[in-house]
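Peer 1: Quick one: the structure is below, and I'll ask about it shortly.
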Amino acid sequence: MDQAEGKEGAGGEREIRTLEDKVERLFWQAAAAERLLDGVLRRMGVDQAAITHVHQAQSMDLVHGIGAANLVHEWLTGESLWSQYEDSMCGRYAITAAPSDLRALFGTSNPLVNFDPNYNAAPTQALPVVRLHPKEGTRHLDLLQWGLVPSWADPANRGPQPTNARAETLLEKPMFKQPFQRGQRCLIPMNAFYEWKKLGNTKQPYAFALRGREPFAVAGLWEWKKLAGNEVLRSFTVITGKPNELVQDVHDRMPMILPESAWSTWLGEIPNAMPDSVLKTLPAELMQAWKVDVKVGSVKNNSPDLLEPLPE
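Our numbering puts the sequence shown at residues 31 to 342.
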């Protein structure tokens, strides 16, 4: 390739990046229509659980304007624009460990935050997250909103708030690549997570946990966004990957559970470590699964019996 051809190629890449940026902005504008529809549904008396279900079902793909933007993005990248934001797991988990127990387990140093056991943690809720404090460099246990809001989002329109990020393409998506490279990686404490298995026209929920039912840590990313009035929104997303043999019978994705030996690497406490190297599927023999009641599908339900096994 001669020098002129090389310059042309570089220019072409810049043009594609510019077009991708424009498409990204179109996506965020389309999300404004989604939020407007939310408001209409609320005024009609539709409760938040039903609205959340609509989003989780991804029935918002037909928002006006997104179709054209998606076609352009697919032409440029060979990938659907929605694929970088789509939920990769069902979006529910349980965190029942006491705040003091989590502080002892993860070695956090900030004043203890109080929160109740949550047997049905769902997107948009404030949930416990372990992260390195940007200034202090020590582990903090804080409450962050589930659903990542990037720092560059329009304060008046937060746009899509992905609850999951795919481990395989983590460094390819600006929304996830930026917090990853800035060291905004976190641990998300869980006692169990839920997945739904399709059975004809119905779905059977399952709970997945460690063999001893002790709390575990899932890899995540966190972001912060300055809002009006100096308010700061801190949010997070769960990283998912390929399932192990136990989970794959129910779902084709699972959260990236990190053993304690990987926590320091993921959080960035070890200089020159490669944090993405610890994103590995946890072996199935370390986990257990059981059927649970379908009422876990409604965010209105949040009680210990959601984790009770159904009789076989």
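C-beta: ideal position from N, C-alpha, C; glycine also.
#1: Leaving aside the five residues before and after F145 along the sequence, list all residues of the same chain whose C-beta is less than 7 Å from its C-beta, in chain order.
#2: Grouping DSSP H, G and I as helix and E and B as strand, with all else coil, what is S257?
#3: DSSP state of T168, grouped into three classes?
#4: Given this structure, state the Cα-to-Cα distance separating Y236 from G259, to the nearest angstrom.
#5: State yes or no: is the C-beta of T311 within less than 9 Å of the C-beta of R196?
#6: List in chain order: all unbroken beta strand (DSSP E) runs of 3+ residues lying wholly within the segment 201-274.
#7: Taking its Cβ as the centre, do 16 or more other Cβ atoms sit within 10 Å of I218, making it buried, or is it exposed?
#8: Quick one: is P273 buried, meaning 16 or more other Cβ sit within 10 Å of its Cβ, or exposed?
#9: Cα separation between I287 and M220?
#10: Pick from N332, K325, L297, A303: whose alpha carbon is nearest that of P164?
#11: In three-state DSSP terms, what is R122?
#12: Going by the beta-carbon positions, is the gap between N194 and R122 smaller than 9 Å?
#13: Give the list of continuous alpha helix (DSSP H) stretches no shorter than 4 residues that lie fully inside the segment 128-166.
#14: For the beta strand (DSSP E) containing W296, list its first residue and its last residue.
#15: Could you give the first and the last residue of the continuous beta strand (DSSP E) run that contains K321?
#16: Measuring CA to CA, which of Q175, P341, L201, T199 is closest to Q26?
#17: Measuring CB atoms only, is the segment 233-252 touching the segment 322-340, in the sense that at least three cross pairs come out at less than 8 Å?
#18: Please go through the same chain and pick out, in chain order, the residues whose beta-carbon is closer than 7 Å to the beta-carbon of N331, but skip the five residues on each side of it.
#19: Per DSSP, which residues does A303 bridge with? Please list them.
#20: From the DSSP output, which residues share a beta bridge with L288?
#21: Select from E275, R133, H170, G137 the residue whose C-alpha is nearest the C-alpha of Q214.
#22: Output the distance between the C-alpha atoms of P209 and E290, rounded to the nearest integer angstrom.
#23: Can you give me the C-alpha to C-alpha distance between A222 and N302, rounded to a whole angstrom?
#24: According to DSSP, simplified to helix, strand and coil, what is L174?
#25: On a CA-only basis, which of V160, P147, D279 is nearest L135? Give me that one, please.
#26: Buried or exposed: where does L201 fall if 16 or more other Cβ atoms within 10 Å of its Cβ makes it buried?
#27: Can you tell me whether A183 is helix, strand or coil according to DSSP?
#28: Apart from the five residues on each side of it in sequence, which residues of its chain come closer than 6 Å, Cβ to Cβ, to M205?
#29: Exposed or buried, what is W293 when buried is set at 16 or more other beta-carbons lying within 10 Å of its beta-carbon?
#30: Compare the Cα-Cα distances from K16 to each of D306, P313, E338, K256 and report the closest residue.
#31: Determine whether the beta carbon atoms of E315 and H281 lie at a separation below 9 Å.
#32: Which residues in the same chain have their Cβ closer than 6 Å to the Cβ of P153, if we skip the five residues on either side of it in sequence?
#33: DSSP puts N22 in a beta bridge; with which residues?
Peer 2: With the given structure in hand:
#1: On the sequence shown, position 115 is the one that residue 145 refers to. Hits under 7 Å: P129, P158, L173.
#2: Looking up residue 257 in the sequence shown gives position 227. Correcting the residue type first, residue 257 is Leu in the shown sequence and not Ser. If DSSP states are grouped into helix, strand and coil, L257 belongs with coil.
#3: Indexing the sequence shown from 1 puts residue 168 at position 138. Residue state, collapsed to three classes: coil.
#4: Your numbering for residue 236 matches position 206 in the sequence shown. Your numbering for residue 259 matches position 229 in the sequence shown. Distance between the alpha carbons of Y236 and G259 is about 42 Å.
#5: Here residue 311 corresponds to residue number 281 of the sequence shown, with the count starting at 1. Here residue 196 corresponds to residue number 166 of the sequence shown, with the count starting at 1. Contact flag unset, no.
#6: Counting whole runs of 3 or more residues, the segment 201-274 contains the beta strand (DSSP E) stretches 215-220, 222-229, 232-240, 246-256, 262-271.
#7: Position 188 of the sequence shown, counted from the first residue, corresponds to residue 218. The residue in question, I218, is buried, as its Cβ has 16 or more Cβ neighbours within 10 Å.
#8: For the purposes of this step, residue 273 is taken as the residue at position 243 of the sequence shown. By the neighbour-count rule (16 or more Cβ atoms within 10 Å), P273 is buried.
#9: Here residue 287 corresponds to residue number 257 of the sequence shown, with the count starting at 1. Here residue 220 corresponds to residue number 190 of the sequence shown, with the count starting at 1. Using only the alpha carbons, I get a separation of about 9 Å.
#10: One-based indexing of the sequence shown puts residue 164 at position 134. The shortest C-alpha separation from P164 is found at L297.
#11: Here residue 122 is taken as the residue at index 92 of the sequence shown, counted from 1. Three-state DSSP puts R122 in coil, outside helix and strand.
#12: Position 164 of the sequence shown holds residue 194. Position 92 of the sequence shown holds residue 122. Result no, Cβ atoms of N194 and R122 do not sit closer than 9 Å.
#13: 129-136
#14: Walking along the sequence shown from the start, residue 296 turns up at place 266. Element bounds for W296: not the beta strand (DSSP E) but the alpha helix (DSSP H), 293-297.
#15: Position 291 of the sequence shown, counted from the start, is the residue given in the question as residue 321. Here the beta strand (DSSP E) through K321 covers 317-321.
#16: Outside the shown range of the chain (31 to 342) lies residue 26, about which nothing can therefore be said.
#17: yes
#18: Within the sequence shown, residue 331 is the residue found at index 301, counting from 1. Excluding positions up to five away in sequence, the list reads N150, K325.
#19: Along the sequence shown, read from residue 1 onward, the residue named residue 303 stands at position 273. Beta-bridge pairing links A303 to no other residue.
#20: Working through the sequence shown from its first residue, we reach residue 288 at position 258. BP columns for L288 point to A247.
#21: Taking the first residue of the sequence shown as 1, we reach residue 214 at position 184. Nearest of E275, R133, H170, G137 to Q214, Cα basis: H170.
#22: Position 179 of the sequence shown, counted from the first residue, corresponds to residue 209. Position 260 of the sequence shown, counted from the first residue, corresponds to residue 290. When rounded, the distance between both Cα atoms is 22 Å.
#23: Numbered from 1 along the sequence shown, position 192 holds the residue referred to as residue 222. Numbered from 1 along the sequence shown, position 272 holds the residue referred to as residue 302. So the two alpha carbons sit approximately 32 Å from each other.
#24: Within the sequence shown, residue 174 is the residue found at index 144, counting from 1. The answer is strand: DSSP assigns L174 an E or B state.
#25: If you number the sequence shown from 1, residue 135 lands on position 105. Of the listed residues, the one whose Cα sits closest to L135 is V160.
#26: Against the sequence shown, residue 201 aligns to sequence position 171. When all chains shown are included, L201 counts as exposed.
#27: Against the sequence shown, residue 183 aligns to sequence position 153. A183: coil per DSSP, three-state reduction.
#28: As a first step, residue 205 is located in the sequence shown; it is residue number 175 there, counting from the start. If we look at M205 and ignore the five residues flanking it on each side, its Cβ neighbours are P180.
#29: Walking along the sequence shown from the start, residue 293 turns up at place 263. By the 10 Å Cβ count, W293 comes out buried.
#30: In the structure as shown, the chain begins at 31 and stops at 342. Residue 16 is therefore absent and cannot be evaluated.
#31: The residue you call residue 315 lines up with position 285 of the sequence shown. The residue you call residue 281 lines up with position 251 of the sequence shown. No, the pair does not count as a contact, with Cβ atoms beyond the cut-off.
#32: Looking up residue 153 in the sequence shown gives position 123. For P153, where only same-chain residues beyond five positions count, the Cβ hits under 6 Å are G121, W176, G177, T193.
#33: Summary: the structure shown does not reach residue 22, with the chain confined to residues 31 through 342, and so no result is reported for it.
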